[in-house]
Structure formats: C-alpha cells, structure tokens
Amino acid sequence: MFYTGLHGLLHSNNQGVLYKTMNAVLSPVTKLFSSASADLCNQILQFFLNKISVIRAQIHQTNHVPDSVIPPHVQLQSFQPISLPYLEKTVAAMKPSGSPEDVIPPRLLKEVFPFISHNVLDILNSSLTLAEVPSAFKHAVLQPILKKPGLDPTDYSNLRPISKLPFLSKVLEKIVYEQMLTHLNDNQVMDIFQSGFRKQHSTETAHVRVFNDIFLALDSGFHVVLLLLDLSAAFDTIDHNILITRLQTWAGISGSALDWFRSYFYNRSARVMLDGCSSESQPLRWGVPQGSILGPLLFNLYILPLGAIFRRHAVSYHLYADDCQIYFSFKPTQSMQVLSGCIDNVKLWLADNFLHLNDSKTEVIVFNPHSIPATHQPDLNYLSPNVSTVISNLGVKIDQALKMDAQVNNTVKSCFYHLRRISKLKHILSVRLLKSVVHTFITSRLDYSNSCLYGISKAAQSRLQLVQNSAARFLTGVDRRQHITPILKSLHWLPVHLRINFKIMLLTYKSLNSQAPPYLCQLVHYYNPPRALRSEDKLLLALPNARLKSRGERAFSVCAPKLWNALPLLVRQAPTISIFKSRMKTHYFNLAYNT
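Numbering of the sequence shown is given in the working numbering, commencing with residue 706 and proceeding in unit increments.
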C-alpha cells in the first residue's frame, strides 16, 4: 500500500506531498501528548492568546512617526460577483484542505461540487455584494505542532499554532484575493522590495538582489553592514483598526469593498483541537489568519509605510513578509548616524503599529571590501553586541568573508543526512521513484539559492559535487571506484557548477522578458553599441565595470552578462522560457560531457 501511494504521488508530480509522505515514513510522527483532554486544549489556547496579549502590552505607542500616505489614483470600491465557470475553475485549482469542522470534507466537496455549485455561487456572490462574511467562515481550528523535532511539548512556547479554516472560506478569500491583486498591480501599490508571497518573487530573487548590491558596494571600496530584524509573532499582533485604515489610505480600498474587510475581521474566533478533544471558542481580537489566503497579502499591505522610512533615510532594504533585511554602505571615516536614525524611526513605527522588534534576536554582520574581516567594527550603538561572523538569512548562511563556506558546509551536512535516511527505503522503491525522492530531498537542497554560490572556491564546489556524485552512485548502485562522469551523463545530470550557471541564466532570461521581479529586471540591459558598429542585433548584454575581480564578478549584474554573452545566439533568442530552458540544458550538457 505504501509503494502504491508513492507511485501515485510520483505520477502527480506533487513534490511537496511526496516530501511529506517520505518524511512521515522515515520519521513517524508521534503524538504530542499521551492523552488529550478539553482542559489541555483550553490551556494551550489560553497560552497562545496570552502570548499575544503580553507582546502587545509590552509595546508602547508613541505616534512619533506619521505615515507618508501615498494613495493610489484609482479606488477599488466594490468586489464584483463571479460567474459559475469562474467558480468551478477556482475550486478545481484549489488544494482540498479545510477545517476539521467542515460539514463536507474538502475532497468529497470537490467531487460533488457540480451538484451544489449553484448554491455555493449564491452564498459567495451574496457575501461580495452585501459586504458581509458568513460567521462560519471566520472560525479557525488551531492544531499545535512542534516548532522543531525533539522539543518538549509540555513547554507550550515550543508549539506553533496551525490555523485551519473552512474550505469554502478559502474559496471566498481566493476570489477577493484575485480582484484585490489586480487592483494593487494596476496601481503599483506593493513595495517593489517586498518578495514575500508574490508571483515571480522568491527567497532566491531576494538573495540575488541583496547579494548583488553588497558585492557592488564592496567593489567600490565601501564597507557594508547588514541587519536582519526579528519581529515577534508579527502576523498575530496586527491591529485590525490600523489595517482597515491602511487598506483605505495606502491600498485605495473603499466603499463596500472596505466594508467587506470590516466584516471579515469582526467577531473572528478560534478553538484548539487535539485527538478529537476541543477547547471552547475564544475571540481573536488581533492578527491576520496565517492559514488563510488573504493573510500574507494583508500583512504586506500593513507594513507598506516601512519602505517609505527606509527610502527617506536613503538606506537599502529588502522584505520577505516579516523578514526585514537592512543594508547600509559606508566609508570607515563615515558616521553611522544615518543608519542609527533610520533604525530608531523603524522601531518607533513598529511600536505605533503594534509590531514588536526583538532586539536580542536581531542579527548583524559587517562586510569588508577586502577579503579579510575588518579589525575595527563600526559603532552600531545598542546593536553592537549582535554583530556576528556568520548569519542565517532566509535559509542561506552568510559569512563575513562572503566565501559561502558556511552555506556549503550546511548543505553538505543536510544532504548526506537525508541520503542516509533514504537508503533505508532503497530496497522497496523502484529506480524511477527513488530518483524522484533523491531530487526532492537532495537536488532541491543543492539548487536552493545556488545562484548566490557563483564564484565560490573550487574546494567548496568540489564538496557540493561530492554530494551529487554520492547521490548518483546511490541511485545506480555502481562501485565507488568507477569514474563518475559516465554515471552523471547517463542520469542526464549537470555538474554542480553548471547548475549554478543554469540558474543565473534562467534568472537573466526572466529579467529580460519581464518574468522576474522589477528589482532584478533593473540589473540587466542589452548592450547598445555606437550606431557605426551596429551590423546586427547579437542580443549582447552590457557588462558593468568591476574594479575588484574577487568581488565584482560575483555580482548578478556583472556575472549574468558574462555568462549570457558566452551562450550561443540560438539559445539567447529562444521565444519562450520552456524552449530557452531546453536549449540551455542541451548546451550545458554538451559543454559538460563533450558531446
């Protein structure tokens, strides 16, 4: 039965579900508590609610930093009713996940939906036109899970509440989300440097832009300080009244559309469920539901004024939901007053908006324009004790010398750990299924933000290549003494260094064709030679000057044109991204194996 289930997952190409299934088999989940009860559920729920109350009580509002309101020219005054075909398409595309209190389980509801679609359509359109969200749609079931394996579940601070909302409420939110997103995109409301939960954006695109800016600043002889701000329970402390005001003033939501959001936040509630036992329902006075579709978008809108503060102080920044990166270039003789003033204003604004900055978990790292760390650190006031030589930024470990050795070490360690786990199931899995599992657990880790690894040392590259070689030998079962190149060729795997180039070229193609975030599209430009030299368009990219070879050539805006211009013109002029990927892989495959 286990093999049959995995075989079905393989054909569905659902790598996320495959990952969860394999994890469940390799590390069976044990019950958090030996026995559940209503009292236990009430205690856990009360802990979660008290935690937010305590955080908000610790915040002292000052009202010293007024919002620099930039309202859009066009207002979204109402949500439009939808058609039946649109609803059917929306339901078909959604995952069958809902609440344990759903009258009809989501999988069954999707199967019988053709018979009840008209009734559902009436309910959803009534909500949109009357600006009222059904009360049943505003109740969440919280199911606590451990933040990390091995933690003590009796310490409730080790638990993370997962909100489960009714399936139909998610359908309604998806409809509102699409109409809101169209309005926000048409009016360019969203912060250009917000990468969280946005189409064509990812942690990797955020990494590429931040790394690019840091490398170019170092190449120009500047020092760079990077701060990673940590917000405590940011999604849960949001004030509903402030959010409604922000939707009106910053996002241009008005009329019945704004009334719909007032109804959406009014009288929300939650209960905790464990093994069939349930707590009493309690009101949720603050926060946006994290298990919802609208939650991440609403949070991004809530913190829109942060970008205005950074721009006013001329400090670079990048946001990924509640993860905030601030980086500032300076000369050794330059005062850090600009950065200190910016951070002070950020702290005041966060306090005014009931967002708690956890100073003890804020990470700071300082980069030197030379390859060795600076002996004299800048005066960062109260943040000086937080300065570290290695920090973890959106899943990537960054060291002071920017050699990425810490990230390579972490990747190698993680990959070999999972390779040993997978080996326990090798005897019951087919080669095809085993290959898919290896891609899910090993290749995905080798490829995660690997564009940031361009220009790393050959020793670091060889360590990553050793992981891929071991995975290839594990799949094929060949002896360690056999040469690895024919094995990789037979599996059609590109070596690690070419996989890095492949990722950079893919980002370059997307940037040139407006399929990447605007902050990456700004970095690459076609070369515009003098008119007398224009014989034909060769699709070459402009190559910025890089004074320091060890630094500048690792910047995306420098390394991307070099790699791009070295590709054959046939690859560069591919009409679609799928054709480009196919041609590029063929080119690199021929390059790697001399075919």
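Heads up, the beta-carbon is just placed ideally off N, CA and C, and yes, glycines get one too.
In chain order, which beta strand (DSSP E) runs of at least 3 residues are fully inside the region 896–958? 928–934
Tell me which residues share the same chain as Ser1240 and place their Cβ nearer than 6 angstroms to its Cβ, disregarding the 5 neighbours each side in the sequence. The predicted model places Ser1240 with a pLDDT of 45, which falls under 50 and marks its position as unreliable; any figure quoted below should be read in that light. So the list is empty, once near-sequence residues are dropped.
Helix, strand or coil for Asn1098 per DSSP? strand
Among Gln1170, Asn1155 and Thr1116, which has the Cα closest to the Cα of Phe1146? Thr1116
Going by CA-CA distance only, name the one from Asn1270, Ala1251, Ala1265 and Lys1052 that's closest to Leu1244. Among Asn1270, Ala1251, Ala1265 and Lys1052, the Cα nearest to that of Leu1244 is on Asn1270.
On a Cα-Cα basis, can you pick out the residue from Gln780, Leu856 and Ser874 that is closest to Asp807? It is Ser874 whose Cα lies nearest to the Cα of Asp807.
Within a Cβ cutoff of 6 angstroms, which residues of the same chain sit near Leu878, ignoring the five residues on either side of it in sequence? One detail in the question is off: residue 878 reads as Glu in this sequence, not Leu. So the qualifying residues of the chain are Ser997, Ile998 and Leu999.
Limits of the beta strand (DSSP E) - the one that Gln848 falls within: His844 to Leu851
In three-state DSSP terms, what is Leu1044? If DSSP states are grouped into helix, strand and coil, Leu1044 belongs with the helices.
Whose C-beta lies closer than 6 angstroms to the C-beta of Ala922 among residues of the same chain, with five residues either side of it excluded? Val929 and Ser1034
Below 8 angstroms, how does it come out for the region 1082–1101 and the region 925–943: are there three or more Cβ pairs, yes or no? yes
Residue closest to Glu985, alpha-carbon to alpha-carbon, out of Ser1021, Trp991 and Arg976: Arg976
Check whether the region 775–794 touches the region 885–901, counting contact only when three or more Cβ pairs, one atom from each stretch, lie closer than 8 angstroms. yes
DSSP beta-bridge partners for Ser974? In the DSSP assignment, Ser974 is bridged to His844 and Pro988.
Spatial neighbours of Tyr1298 within its chain, please: C-beta separation below 6 angstroms, excluding the five flanking residues on both sides. Closer than 6 angstroms at the Cβ level, and outside the excluded window around Tyr1298, lie Lys1194.
Considering only residues of the same chain and omitting the five flanking positions on each side of Val753, which have a CB-CB separation below 6 angstroms? With the sequence shown as reference, residue 753 is identified as Phe, and Val is not the correct amino acid for it. The residues are Pro866.
At what residue ranges does the region 985–1040 contain a whole run of the beta strand (DSSP E), taking only runs of 3 or more? 1021–1025 and 1028–1035
Should the region 1055–1073 be regarded as contacting the region 1095–1112, the criterion being three or more beta carbon pairs within less than 8 angstroms? yes
Tell me the DSSP bridge mates of Asp807? Bridge partners of Asp807 according to DSSP: none are assigned.
Of all the options Tyr1231, Pro1222, Leu1296 and Ala1260, which has the alpha carbon lying nearest to the alpha carbon of Thr908? Pro1222
Sequence-distant residues of its chain with Cβ nearer than 8 angstroms to Ile919 (five each side left out): Val929, Leu931, Tyr1032, Phe1072 and Leu1107
Taking all protein chains shown into account, do 16 or more other C-beta atoms lie within 10 angstroms of the C-beta of Arg871, making it buried, or fewer, making it exposed? First, the residue type needs correcting, since residue 871 is Pro and not Arg in the sequence shown. Buried, because 16 or more other Cβ atoms sit within 10 Å of the Cβ of Pro871.
Straight-line gap, Leu1211 to Gly1257 (C-alpha atoms, nearest Å): When rounded, the distance between both Cα atoms is 20 angstroms.
Between the region 1125–1145 and the region 1171–1191, are three or more C-beta pairs nearer than 8 angstroms? A contact exists between the region 1125–1145 and the region 1171–1191.
Looking at Ala962 and Phe784, is the spacing between their C-beta atoms short of 8 angstroms? yes
For Ser802, which three-state DSSP category applies? coil
Give the range of the alpha helix (DSSP H) segment to which Val1117 is assigned. Where Val1117 is concerned, the enclosing alpha helix (DSSP H) stretches over Asp1110 to Ser1128.
If you reduce the DSSP assignment to three classes, tell me which class Glu1068 lands in. strand
Assign Arg1288 to one of three DSSP states: helix, strand, or coil. The three-state secondary structure of Arg1288, taken from DSSP, is helix.
Drop a sphere of 10 angstroms on the beta-carbon of Phe1285, count the other beta-carbons inside from all chains shown, and report buried for 16 or more, exposed for fewer. buried
Excluding the 5 residues flanking Leu952 on each side, which residues of the same chain have their C-beta closer than 7 angstroms to its C-beta? Exclusion of the five residues before and after Leu952 leaves Ile958, Leu963, Phe966 and Leu1006 as the residues of its chain whose Cβ lies within less than 7 angstroms of its Cβ.
Out of Arg1185, Asn972 and Ser1128, which one is the CA nearest neighbour of Val993? Asn972
Which residue comes first and which comes last in the beta strand (DSSP E) that contains Leu864? Leu864 to Lys869
Between Ser758, Leu750 and Trp991, which has its C-alpha nearest Ile850's C-alpha? Nearest option by C-alpha distance: Leu750.
Check whether the Cβ atoms of Ser974 and Glu837 sit closer than 8 angstroms, and answer yes or no. For the pair Ser974 and Glu837, the CB atoms are not nearer than the 8 angstroms cut-off.
Below 8 angstroms CB to CB, which residues in the same chain sit around Asn1233 once its five sequence neighbours on both sides are set aside? Ala1247
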